[in-house]
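Taking it in order: structure first as structure tokens, then the write-up.
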Amino acid sequence: MQTLHSMKGHRDYSFASAWSPDGRTFATGNQDKTCRIWDVRNLSKAIHVLRGNLGAIRSIRFTLDGQFMSMAEAADFVHIYDVKSNFSRRQELDLFGEISGTCFSPDTDTLFVGIWDRRYGSLLQFARQYNHSHPHDD
């Protein structure tokens, strides 16, 4: 039980973390409204800093194939990043309520979002949309 490395960057308490399937990178979510992506080969600084809109990052999940990562704020917003685009492409889900967590299905085709709310509590299911267009389609 000893500290192996102390990472610097977050400014408050961390609430979430997740390993990428590549085994080299992991993400941390923090009260400072950021999710930081770290490479274990160099922990001196985060390789990406992803920002939330309103609050703490409380849930982080990678798909099993490592192509996507979800980052959920404590309320109202879930961000889905395309990891293969170096986190430059993203989609934002604007919801209503306290978010209890997210999870991808094993085939990566579905994202589940838990909403904790006395009145509107629910489990939301979002299906992945594929673009099967071909360069020669009219």
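Numbering (UniProt numbering), first residue to last: 1 to 138. Where a beta carbon is used, it is the ideal one built from N, C-alpha and C, also for glycine.
- About 6 Å separates the beta carbons of E92 and F77, which is inside the 8 Å limit, making them a contact pair.
- In the three-state scheme derived from DSSP, where H, G and I count as helix and E and B as strand, V40 is classed as coil.
- Beyond the five residues adjoining it in sequence on each side, K84 comes within less than 7 Å, by CB distance, of Q67 in the same chain, given in chain order.
- With respect to the C-alpha of Y130, the residue from I115, K45 and T110 having the closest C-alpha is T110.
- Inclusion of A46 and R58 in the CB contact set at 8 Å is not warranted, their separation being larger than that value.
- Residue environment for Y81: buried (at least 16 other C-beta atoms within 10 angstroms of its C-beta).
- Closest option to F15, judged by alpha-carbon separation, among E98, N30 and T108: N30.
- F62 and F126 have their alpha carbons spaced roughly 15 Å apart.
- If you draw a straight line from the Cα of M71 to the Cα of W116, it is about 16 Å long.
- DSSP, read as helix, strand or coil, puts S20 in coil.
- In the structure shown, the three-state DSSP call for S70 is strand.
- Put simply, of L123, N86, R89 and R90 the residue whose alpha carbon is nearest the alpha carbon of F96 is L123.
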